[in-house]
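In UniProt numbering, the protein residues as written are 1 to 403.
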């Protein structure tokens, strides 16, 4: 007997918040836990026979056994409804190893659903990519120093006319470039004039953007940002969100192990080192974490990748992805109270670093991202200069810049 696919899918749609709280957080409110117990108990009693083994990875009886070992009702009532715990959240991290098996079953199901979404969306992507209506890209080269800006900096320039014009006045020496990530950020804005923002970006960059080419390189193209914007609207955010959610789930696979590093003492030690790759203790922890992601390379292998390898978008993506997630795994420059948001923002950070690697200068207004980026670029021997944005000194710093 196997879990019913349709029933479980509907169950997830209705109870997503409860499941995410149960499986993705370390503290579970007792009312939510009992609620989940009652719904799963009802599901198990239905005893529906459908072959879902390929997606769920566990047969019904094993799932039922694990579930009842942890969620047996009398035990739930005894543990969670006692006077001692009446008004407390319950730390389940040490209660049952079987709970984490159940969590992995759920994660595997969620990952399989995201993979299916990604594959289904490729037909739509290919249609847009093959249509001349959505493209006007012309390959371009320039001898100017390239500047890539994160979204926070672009937003600041939109509202600071003097600074905006000062950046443009440096165009004899510098060329500001945009990426699809900048356009996606504009497309996601609410209650703002998208066309005005796109035109400002066009003026700032002279329509020069950095894109992934058809042969998997990272190249400069001249194209008004409106074309990239229209491609995003036509395809929607579904693909990026599906990839983002899949990577989120992959990262959450390691939640149990990362618990070993999720202590105040560990975080203080890790974050007190500006360069964790030179500290033996930090390096050992970080190296183990890095090998869990991407191509499962060791830290030493990433430090010795040939430059030609990183000219491929896919190779650069997997390398930055592994290093970024390794840093987040060990708690380096993370927000400990926003675990899922940290992982999700890391997905976007990876894309920004890929495109920033094409530039001579990358300017960001996110201090934690700035510090993680410095480590990643040093490991991969990417020569892009990182600048933390200060509106009062950025023009002077750029004026004094030399290669």
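C-beta: ideal position from N, C-alpha, C; glycine also.
Range covered by the beta strand (DSSP E) that runs through residue i
i           : result
residue 388 : 385–388
residue 183 : Not the beta strand (DSSP E): residue 183 falls in the alpha helix (DSSP H), residues 180–188.
residue 361 : 361–364
residue 174 : 174–177
residue 149 : 145–149
residue 222 : 218–222
Euclidean distance between Cα positions of residue i and residue j
i           : j           : result
residue 198 : residue 184 : 11 Å
residue 141 : residue 220 : 7 Å
residue 158 : residue 245 : 30 Å
residue 291 : residue 352 : 22 Å
residue 148 : residue 288 : 31 Å
residue 306 : residue 191 : 46 Å
residue 327 : residue 315 : 19 Å
residue 366 : residue 349 : 10 Å
residue 202 : residue 224 : 6 Å
residue 283 : residue 379 : 12 Å
residue 128 : residue 206 : 24 Å
residue 136 : residue 230 : 11 Å
residue 387 : residue 400 : 13 Å
residue 411 : residue 384 : This structure does not reach residue 411, given that the chain is present from 1 up to 403, and the question cannot be answered.
residue 228 : residue 153 : 20 Å
residue 297 : residue 321 : 12 Å
residue 280 : residue 211 : 38 Å
residue 373 : residue 299 : 16 Å
residue 189 : residue 156 : 14 Å
residue 354 : residue 323 : 12 Å
residue 347 : residue 172 : 34 Å
residue 134 : residue 200 : 20 Å
Contacting residues, own chain, Cβ-Cβ under 6 Å from residue i (five flanking each side not counted)
i           : result
residue 186 : 194, 197
residue 390 : none
residue 364 : 150, 370
residue 234 : 128
residue 362 : 148, 356, 384, 386
residue 395 : 166
Rounded distance between the beta-carbons of residue j and residue i, thought under 8 Å
i           : j           : result
residue 294 : residue 312 : Residue 294 to residue 312, Cβ: 13 Å. No contact.
residue 145 : residue 174 : 5 Å
residue 168 : residue 204 : 7 Å
residue 177 : residue 359 : 6 Å
residue 375 : residue 218 : The Cβ separation is near 21 Å, so there is no contact.
Buried or exposed by the 16-neighbour rule on C-beta atoms within 10 Å, applied to residue i
i           : result
residue 216 : exposed
residue 236 : exposed
residue 179 : buried
residue 182 : buried
residue 37  : Any reading at residue 37 is ruled out, since the residue's pLDDT is 49, under 50, leaving its predicted position unreliable.
residue 309 : exposed
residue 304 : exposed
residue 325 : buried
residue 357 : buried
residue 138 : exposed
Close-in-space but distant-in-sequence residues of the same chain around residue i (CB under 7 Å, 5 per side omitted)
i           : result
residue 371 : 333
residue 170 : 398
residue 160 : 391
residue 382 : 357
residue 213 : 219
Boundaries (first-last residue) of the alpha helix (DSSP H) holding residue i
i           : result
residue 212 : Where residue 212 is concerned, there is no enclosing alpha helix (DSSP H), although the beta strand (DSSP E) it sits in stretches over 208–212.
residue 299 : 299–303
residue 310 : Counting along the chain, residue 310 falls outside any alpha helix (DSSP H), and DSSP gives it neither H nor E.
residue 137 : Per DSSP, residue 137 belongs to no alpha helix (DSSP H) and is neither H nor E.
residue 381 : Looking at the DSSP string, residue 381 is not in any alpha helix (DSSP H), and its letter there is neither H nor E.
residue 290 : 280–290
residue 332 : No alpha helix (DSSP H) holds residue 332; DSSP gives it neither H nor E.
residue 231 : 225–235
residue 200 : 194–205
residue 163 : 161–168
residue 399 : 394–399
Distance cut-off 7 Å: residue i Cβ against heavy atoms of the ligand MG
i           : result
residue 220 : For the ligand MG, the structure offers nothing, since it holds no ligand at all.
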